[in-house]
Amino acid sequence: MHEELIKELSVITEEEQHILDGRKEIDPQLYTEKKDMVIDSKKLLQKGKLIQVRPHTRFVHFPKHTHNYIEVIYMCQGRTTHIINGTEVILEAGDLLFLNQNAVQEILPAGRDDIAVNFIVLPEFLDTAFSMMGDEENQLRDFLVGALSGRDGETCWMYFHVADILPVQNLIENMVWTIFYDSSNKRSCTQITMGLLFLQLLNCMDKMESGGSKYDTEIAAAVLSYINDHYKNGTLSELAAQMGYDVYWLSREIRRRTGKTYKELLQEKRMQQAVYMLVNSEVSVTDIIESVGYDNTSYFYRKFRERYGVSPKEYRTGNLYKM
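For the sequence shown, this note's numbering assigns the number 3 to the initial residue and increments by one for each residue that follows.
In structure tokens form, the structure reads like this:
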């Protein structure tokens, strides 16, 4: 992004100065009159305007909230961490995040050099973009339908890794510049530019995450990979430390994303390994129990019988000629 824009967006705002002076949390009255933390467009948009940009507020935790407008966040430099519908999303420089009115967002504190810009967008502003999209079904169109109707479609948030896509970066910077400096014909220019942005993003669907689907897969894959490599001595605490997450958060997320607890996944892997060794080796059952990570023989025997209906010895005998 142009250095002049970065410089303007980096200026400490009055709100941020209060935070730096000791305020520990956001001032809710700047964002809403409601107690349920629905951020109100009337607080952020001048009357009659359909779109506005504002620098992302740094230095403070922003608690869970929704919006009565569509929010688009563009990361100019640095990074910000968002939790959307329970999924952690880390925006890096050049990334783009779309949220409709029903997406639940929480934002962790950003540093001085973490510069992002928020687009405050009323649904009717997106009419032009929607008309430019055509009738082909896709997630971008589904997002627009949900945003325009105020209802959740299959896609209530979208996250694009597009730092290396020059046309996308140019369109975003053009919109920021036009709105921030109040250029003439601003509404027409920005509506058409937003439509062009959506058309460009159709070419970047491989760089998109939505509704947490890709993130869910990545979390599950990381957990299963760890268990596969560390089924004997691995712990949830060690895994959480390696992944950089709070252990209690990760425990809940594993259950939510896989339908099983960490302990259940670990036990599955240990049993699978025990079965493999029973059938493919002559190692004693006692040594197998130790090698897969159990120190309680009676517990292993009980769990093995619950799972396979026979004892380890009976399982080995019945499968000797099935190798």
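Each residue gets a CB set at the ideal place from its N, CA and C atoms; glycine is no exception.
None of these values were measured; they are calculated from a predicted model.
- Counting the other Cβ atoms within 10 Å of the Cβ of residue 113 gives fewer than 16, which makes it exposed.
- In the structure shown, the three-state DSSP call for residue 281 is helix.
- The shortest CA-to-CA distance from residue 39 to any of 17, 103, 19 and 88 is the one to 103.
- Going by DSSP, residue 178 is part of the alpha helix (DSSP H) stretching over 168-182.
- Classified as buried, residue 57 has 16 or more neighbouring CB atoms from the shown chains inside 10 Å of its CB.
- In the displayed model, residue 34 falls within coil according to three-state DSSP, outside both helix and strand.
- For residue 212, same chain residues with a beta-carbon under 6 Å away, outside a window of 5 residues either side, are 141, 157 and 160 in chain order.
- Between residue 35 and the set 45, 26 and 27, the nearest pair of CA atoms involves 45.
- If you draw a 10 Å sphere on the C-beta of residue 125, you find 16 or more other C-beta atoms in it, and that means buried.
- Around the Cβ of residue 285, a 10 Å sphere holds fewer than 16 other Cβ atoms; the residue is exposed.
- The shortest C-alpha to C-alpha distance from residue 78 to any of 199, 97 and 63 is the one to 97.
- Around the beta-carbon of residue 319, fewer than 16 other beta-carbon atoms lie within 10 Å, marking it exposed.
- Put simply, of 293, 42 and 24 the residue whose alpha carbon is nearest the alpha carbon of residue 31 is 42.
- Counting along the chain, the unbroken alpha helix (DSSP H) around residue 191 starts and ends at 188-203.
- For residue 255, the CB contacts under 7 Å within the same chain, skipping 5 residues up- and downstream, are 221 in chain order.
- Looking from the CA of residue 129, the closest CA among 203, 198 and 185 belongs to 198.
- No Cβ-Cβ contact shorter than 8 Å links residue 164 with residue 234.
- Taking a 10 Å sphere around the C-beta of residue 72, we find 16 or more other C-beta atoms and assign the residue as buried.
- Between residue 291 and residue 299, the C-beta gap is smaller than 8 Å, which places the two residues in contact.
- In this structure residue 22 is exposed. Its beta-carbon is surrounded by fewer than 16 other beta-carbon atoms within 10 angstroms.
- Taking a contact to require three or more Cβ pairs closer than 8 Å, the segment 226-233 and the segment 266-275 qualify as touching.
- Judged by DSSP secondary structure, residue 240 falls within the alpha helix (DSSP H) whose first and last residues are 238-245.
- Residue 161 is bridged by DSSP to 99 and 211.
- Judged by their CB atoms, residue 109 and residue 69 are not nearer to each other than the 8 Å cut-off.
- Taking C-beta atoms under 8 Å as the contact rule, residue 181 and residue 53 qualify, at a distance of about 6 Å.
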